[in-house]
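Structure first, commentary second.
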Amino acid sequence: MKYEAVIGLEVHAQMRTESKIFCGCSTRFGSEPNTQTCEICIGMPGVLPVLNKKALEFAIRTGLAMGCTISAYSRFARKNYFYPDLPKGYQISQFEHPICEHGHVDVAVDGETKRVRITRIHMEEDAGKNIHEGGGNYSFVDLNRAGVPLMEIVSEPDIRSPKEASEYMKKLRTILRYLGVCDGNMDQGSLRCDANVSVRPVGQKEYGTRAEVKNINSFRFVEKAIDYEIRRQIRVVEEGGKVVQETRLWDSAKGITESMRSKEEAHDYRYFPEPDLVPIAAERRWIDELRASLPELPDAKKVRFVSAYGLPEYDADLLTSEKAVAEWFEEAVKAGGQPKAVSNWMMGDLMKLLNGDNREIGDCPVGPERLAGMLKLIDKGTISGKIAKTVFEEMYRSGKDAEQIVREKGLLQISDESAIEKTVDELIARHPAEVERFRGGEEKLLGFFVGQAMKAMKGKANPQVLNELLKKKLS
Amino acid sequence: MELHSLGIAELRRMLDKGEITAKDVVSSVCSRIDAVEEKIKAYVTITREEAFAMAEEADRERAGGVKKALSGIPLAIKDNMCTRGVPTTCSSKILKNFVPPYESTVTAKLKERGYVLSGKTNLDEFAMGSSTENSGFHTTNNPWDTERIPGGSSGGSAAAVAADECIAALGSDTGGSIRQPAALCGVVGMKPTYGRVSRYGLVAFASSLDQIGPITKNVTDCAILLNAISGRDLRDCTSAPVEVPDFTAAIGKEIKGMKIGVPKEYFIEGLDPAVERAVREAIGKLESLGATAVDVSLPHTGYAVATYYVLATSEASSNLARYDGVKYGFRAEGKDLVDTYMKTRAAGFGPEVKRRIMLGTYALSSGYYDAYYKKAQQVRTLIKDDFEKAFREVDVIVTPTSPTAAFRRGEKTDDPLQMYLADIFTISVNLAGVPGISVPCGFTAEGLPVGLQLIGRHFDEETLLTAAFAYEQSTDWHARKPAL
Numbered sequence: 001m002k003y004e005a006v007i008g009l010e011v012h013a014q015m016r017t018e019s020k021i022f023c024g025c026s027t028r029f030g031s032e033p034n035t036q037t038c039e040i041c042i043g044m045p046g047v048l049p050v051l052n053k054k055a056l057e058f059a060i061r062t063g064l065a066m067g068c069t070i071s072a073y074s075r076f077a078r079k080n081y082f083y084p085d086l087p088k089g090y091q092i093s094q095f096e097h098p099i100c101e102h103g104h105v106d107v108a109v110d111g112e113t114k115r116v117r118i119t120r121i122h123m124e125e126d127a128g129k130n131i132h133e134g135g136g137n138y139s140f141v142d143l144n145r146a147g148v149p150l151m152e153i154v155s156e157p158d159i160r161s162p163k164e165a166s167e168y169m170k171k172l173r174t175i176l177r178y179l180g181v182c183d184g185n186m187d188q189g190s191l192r193c194d195a196n197v198s199v200r201p202v203g204q205k206e207y208g209t210r211a212e213v214k215n216i217n218s219f220r221f222v223e224k225a226i227d228y229e230i231r232r233q234i235r236v237v238e239e240g241g242k243v244v245q246e247t248r249l250w251d252s253a254k255g256i257t258e259s260m261r262s263k264e265e266a267h268d269y270r271y272f273p274e275p276d277l278v279p280i281a282a283e284r285r286w287i288d289e290l291r292a293s294l295p296e297l298p299d300a301k302k303v304r305f306v307s308a309y310g311l312p313e314y315d316a317d318l319l320t321s322e323k324a325v326a327e328w329f330e331e332a333v334k335a336g337g338q339p340k341a342v343s344n345w346m347m348g349d350l351m352k353l354l355n356g357d358n359r360e361i362g363d364c365p366v367g368p369e370r371l372a373g374m375l376k377l378i379d380k381g382t383i384s385g386k387i388a389k390t391v392f393e394e395m396y397r398s399g400k401d402a403e404q405i406v407r408e409k410g411l412l413q414i415s416d417e418s419a420i421e422k423t424v425d426e427l428i429a430r431h432p433a434e435v436e437r438f439r440g441g442e443e444k445l446l447g448f449f450v451g452q453a454m455k456a457m458k459g460k461a462n463p464q465v466l467n468e469l470l471k472k473k474l475s
Numbered sequence: 001m002e003l004h005s006l007g008i009a010e011l012r013r014m015l016d017k018g019e020i021t022a023k024d025v026v027s028s029v030c031s032r033i034d035a036v037e038e039k040i041k042a043y044v045t046i047t048r049e050e051a052f053a054m055a056e057e058a059d060r061e062r063a064g065g066v067k068k069a070l071s072g073i074p075l076a077i078k079d080n081m082c083t084r085g086v087p088t089t090c091s092s093k094i095l096k097n098f099v100p101p102y103e104s105t106v107t108a109k110l111k112e113r114g115y116v117l118s119g120k121t122n123l124d125e126f127a128m129g130s131s132t133e134n135s136g137f138h139t140t141n142n143p144w145d146t147e148r149i150p151g152g153s154s155g156g157s158a159a160a161v162a163a164d165e166c167i168a169a170l171g172s173d174t175g176g177s178i179r180q181p182a183a184l185c186g187v188v189g190m191k192p193t194y195g196r197v198s199r200y201g202l203v204a205f206a207s208s209l210d211q212i213g214p215i216t217k218n219v220t221d222c223a224i225l226l227n228a229i230s231g232r233d234l235r236d237c238t239s240a241p242v243e244v245p246d247f248t249a250a251i252g253k254e255i256k257g258m259k260i261g262v263p264k265e266y267f268i269e270g271l272d273p274a275v276e277r278a279v280r281e282a283i284g285k286l287e288s289l290g291a292t293a294v295d296v297s298l299p300h301t302g303y304a305v306a307t308y309y310v311l312a313t314s315e316a317s318s319n320l321a322r323y324d325g326v327k328y329g330f331r332a333e334g335k336d337l338v339d340t341y342m343k344t345r346a347a348g349f350g351p352e353v354k355r356r357i358m359l360g361t362y363a364l365s366s367g368y369y370d371a372y373y374k375k376a377q378q379v380r381t382l383i384k385d386d387f388e389k390a391f392r393e394v395d396v397i398v399t400p401t402s403p404t405a406a407f408r409r410g411e412k413t414d415d416p417l418q419m420y421l422a423d424i425f426t427i428s429v430n431l432a433g434v435p436g437i438s439v440p441c442g443f444t445a446e447g448l449p450v451g452l453q454l455i456g457r458h459f460d461e462e463t464l465l466t467a468a469f470a471y472e473q474s475t476d477w478h479a480r481k482p483a484l
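Same order as they appear, the protein sequences are chains A and B.
Numbering-wise (the working numbering), the first sequence opens with residue 1 and increments by one.
Numbering-wise (the working numbering), the second sequence opens with residue 1 and increments by one.
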């Protein structure tokens, strides 16, 4: 029998606000434990939460970018459970009245566009962290993260394959980063993903029983964990068993999911409206302002890159995956770079160098106008494309501009026929055997002569002039 | 006349004239505490040193020409409001050693106005109770008859005011916890409109019902103290962005033409005849001052206690989850995490608190939420509507504050339901969020005080104060003092 997977994702995104969602403490990552806490986020008696307006703004912007309806009436709710990293004994979240509902995200999978519907986006506070260190019969609690604002983005069960799931995650990350509301770093936990996975025979309408897979903490594992879970469930069904509703934990070291708790052991969170926070009625005017101030989003940008710059879809897709990359591209073009040439250099040498240094484009030592400047030198024939590779790397390492490097290193391309002719004549004189073979029809030896000439001229010969001269002299 | 027996307004006049110093006042209050506290046991913590230091500061400021509304006035604070550096226990073993590193908004406001902290007063643990017998430490006795309870949960504050162990006090009121003890101790107590006073730093019992208010020796002092603590607080988003009038301006206005509503649902079986007589006489007195009494109906009154005990316990079950032995307060070590939670909470909370946590946890449980919590919220809306309708006809509503005068210690401790009914006349006011005040309106044959409750429209504490003051001035109930 053929099976089909049905997948919905619950994605937690840490919002990049300066301060926490219900108090003024900093949200900075990586500080000494418990240095970014106050009586509010450590849940002392008598304290009260006050909503950070920036967090609300970020959630609304995200909702608008994903085509959601922004609720005219939204409320926080308490999710009650005991855990040492949860200082109040409840998490302030949203339940019945999330801030955003009914949106969608379009994902390109194997050349097809797939629409994944967004059920809801809600705001909540993050919990702290338990640290198991020292080996004793105790744990430490770090509450720096307690109260950091999160968005939970819940999709409809519209995803049908692990590949779609990972593409959806990547697309969410791209959108969140475009909006500047989340840095999208799965390894540091600022983007987390739980997957609801079920399988059913192809053609069946009803959903199978689903399992929730937690702890998928890297982009690499989105596909792997879901793929494993689908295979596991199919195996269970084919062996005559039944998939049980449960929460499973992805173990990345073993590459498997393991049961964490069954439906019977599931928590009763006893949700009820948070009485310490007043309902949110976001003003229409403010929402309209936020809508108007949304940046051009990746889908729109990609379409424009194809039509305005004549780029292939592939290039446009890559260049628009990060807002900063797209902006870099457009600045280089504005500075006079030919779009396709800029794209080639960016996707090639530039990305290679950045990746090698683990750098973001924002930290690139070569500015877009410098690349455009170098491209002009190629166009003018001042340097060859081959030399340009050396020049570009030197620009990247030294921070100097192309002209300066060309000048200092004497890399100017030699287009003067007489200078090249001299080298060519010497070559022909030195290699009579090869000349004979070439003339005898072994035309691929032209490459040998080009190579030798370039070597002699330290790569500076204008390849076109050299080629023509060689052909003329050899024939 | 001893200084400790006076009210805020009188002491301020004397202080302003330079007849006395703040140090004189605090000395008088401290000697009174020395004399009677053993009998009353109103306080959990007496802050003698802080009080003298604050009084000295007040005298220094006054000498320097600085005039503050409460400069040098010793006030007692219910021990569920956080005071920086001073233990704040909620009369619970679980917070016995808790010293807040921050100040509640109300006490910060009192500090700005120069008050002197005389101490932190006893309460039913986490403000859950009507007799102060649920304190985790000791019971407080009624100054009018020390065999009897002072009411609750702000029993310590009310008793301290009645026994002149302070000049005035702050209490908190979730279902009657200011008004009922004020009535039983023969003093004035007001629960302001929900949102009038910041709850920041008030240890939460039921967040949507809790409100801080004054307990004073007379209505004028109530207005003075309300002036000091009212107002929008950016730390409490449920505090209302409404303007705060000068409440003392409501004192002394005539009540001619005022319409007072008498709800038939409040004169029912179980109402002590002595209480009913005193309240009826008070209504007659108000009429003689020019007010018109009319019958009104608050038809959903009968559901108030049930509604309250679903909502308040639901919120409490969540509010009290933070006392888990992990971060602060009492911890009983267990063999693992869950065992530590269980041992800590089993030993740290008293029986009434546990009862309410269990009730609330049950009411919020999946499968029961709609039947209990949601239904109770709907009834709450109906109760609110009852008041809105009534207030289209009348300016204030008058009722007994409590169905009986102070009862004996232990009389109701074995029957929680009987105890819950002590708040039958005050609970609706919290559910509706409207303001209510209790003023002394007579005594029973045994010499126990009876309270008259006046209920007003949202954010119309002024009308309550006007009516209460007019009534107070036409009687001398408030001038009587218990013989101690």
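Backbone N, C-alpha and C fix where the C-beta goes; we use that ideal spot for every residue, glycine too.
7 Å Cβ cut-off: residues of chain B touching residue i
i: A:I42; result: K327
i: A:Y90; result: S318 and A321
i: A:F82; result: A321, D324 and Y341
i: A:P87; result: R322 and K327
Supposed close pair residue i, residue j - CB separation, criterion 8 Å
i: B:T121; j: B:I149; result: Not quite, the Cβ-Cβ distance comes to about 14 Å (not below 8 Å), so this is no contact.
i: B:N142; j: B:L184; result: 6 Å
i: B:V116; j: B:P74; result: 4 Å
Proximity winner among the options, relative to residue i (alpha-carbon distances)
i: B:G136; options: B:D272, B:A312, B:Y115 and B:F126; result: B:F126
i: B:L226; options: B:L15, B:A69 and B:G447; result: B:A69
i: A:I159; options: A:E152, A:M151, A:Y168 and A:I153; result: A:Y168
i: A:D299; options: A:A282, A:A326, A:E283 and A:R284; result: A:A326
i: B:D272; options: B:V203, B:Y341, B:F407 and B:F387; result: B:F407
i: B:F387; options: B:S365, B:Y368 and B:I427; result: B:I427
i: A:R120; options: A:I153, A:Q91, A:I92 and A:D106; result: A:I153
i: B:H458; options: B:T399, B:A483 and B:K389; result: B:K389
i: B:Y420; options: B:T146, B:G176, B:K78 and B:C166; result: B:G176
i: B:I485; options: B:D79, B:R409 and B:T404; result: Absent from the structure is residue 485 of chain B, since the part of chain B shown begins at 1 and ends at 484.
i: B:Q377; options: B:I397, B:A347, B:E315 and B:D423; result: B:E315
i: B:Y266; options: B:A291, B:A483 and B:T399; result: B:T399
i: A:P157; options: A:L350, A:F95 and A:L9; result: A:L9
i: A:E313; options: A:K323, A:S321 and A:K302; result: A:K302
Beta carbon of residue i nearer than 9 Å to that of residue j
i: A:A211; j: A:Q233; result: yes
i: B:L170; j: B:F330; result: no
i: A:M186; j: A:N217; result: yes
i: B:A76; j: B:S157; result: yes
i: A:S161; j: A:A5; result: yes
i: B:V353; j: B:Y303; result: no
i: A:E164; j: A:V244; result: no
i: A:F272; j: B:L209; result: no
Contacts that residue i makes with chain A (C-beta to C-beta distance below 7 Å)
i: B:G201; result: G46
i: B:R235; result: L48 and V50
i: B:T220; result: Here the premise fails: no neighbours, minimum Cβ distance about 29 Å.
Interface residues of chain A facing residue i [CB-CB closer than 9 Å]
i: B:S177; result: Per Cβ cutoff of 9 Å: no residues; B:S177 is ~16 Å from chain A at best.
i: B:F98; result: M44 and P45
Neighbouring residues, chain A, relative to residue i (Cβ below 8 Å)
i: B:P87; result: By Cβ distance, chain A contributes nothing, its closest Cβ being about 12 Å from B:P87, past 8 Å.
i: B:E133; result: Simply none; closest approach about 22 Å.
Under 8 Å from the C-beta of residue i: neighbouring residues of chain B
i: A:E39; result: P100, P101 and Y102
Under 9 Å from the C-beta of residue i: neighbouring residues of chain B
i: A:V141; result: V326 and K327
| request: Return the residues of the region 260-289 of chain A that lie within a Cβ-Cβ distance of less than 9 Å from chain B, sorted by chain order. | output: Going along the region 260-289 of chain A in chain order, one finds D268, Y269, R270, Y271, F272, P273, E274, P275, D276, L277 and V278 with a Cβ nearer than 9 Å to chain B.
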